[in-house]
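Taken in order, the sequence shown gives residues 25 to 94; the numbers are from my numbering.
Please read the structure below before turning to the comments.
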Amino acid sequence: AVFTRDIDTAMRVYKRIDGTAIMVNDHTAFRVDWMPFAGARESGHGVGGIPYTIHEMQIEKMMVLRSDEI
25 AVFTRDIDTA MRVYKRIDGT AIMVNDHTAF RVDWMPFAGA RESGHGVGGI
75 PYTIHEMQIE KMMVLRSDEI
């Protein structure tokens with residue numbers, strides 16, 4: 025989180041911090057469900073967020089059926 029009254033300062037910090045989300049004048053618990061939430065490099069365990077979490081909980085499955093009767 026960056027707390028400032030100067031938008032130029034906020035933009036400089038945004039460009040320099042190597043992170044996946046920057047909050048300006050708000051706490052870091054803010055979340056937008058459709059946006060991915062991820063740690064950068066060694067921080068965290070992959071990407072989170074509703075669509076990403078649902079995908080992680082699913083198992084892909086394939087069936088190949090060869091039949092002259094279908």
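Using N, Cα and C, we set each Cβ at its ideal position, and we do this for glycine too.
No Cβ-Cβ contact shorter than 8 Å links Val56 with Val26. Sequence-distant partners of Phe54 (beyond 5 residues in either direction) whose C-beta falls short of 7 Å from its own C-beta, in its chain, are Met47.
When the Cα atoms are used, Met35 and Ile41 turn out to be separated by approximately 10 Å. DSSP places Val48 within a strand segment (E or B) once states are collapsed to three. Counted as a single uninterrupted DSSP element, the alpha helix (DSSP H) harbouring Arg36 occupies residues 31 to 40.
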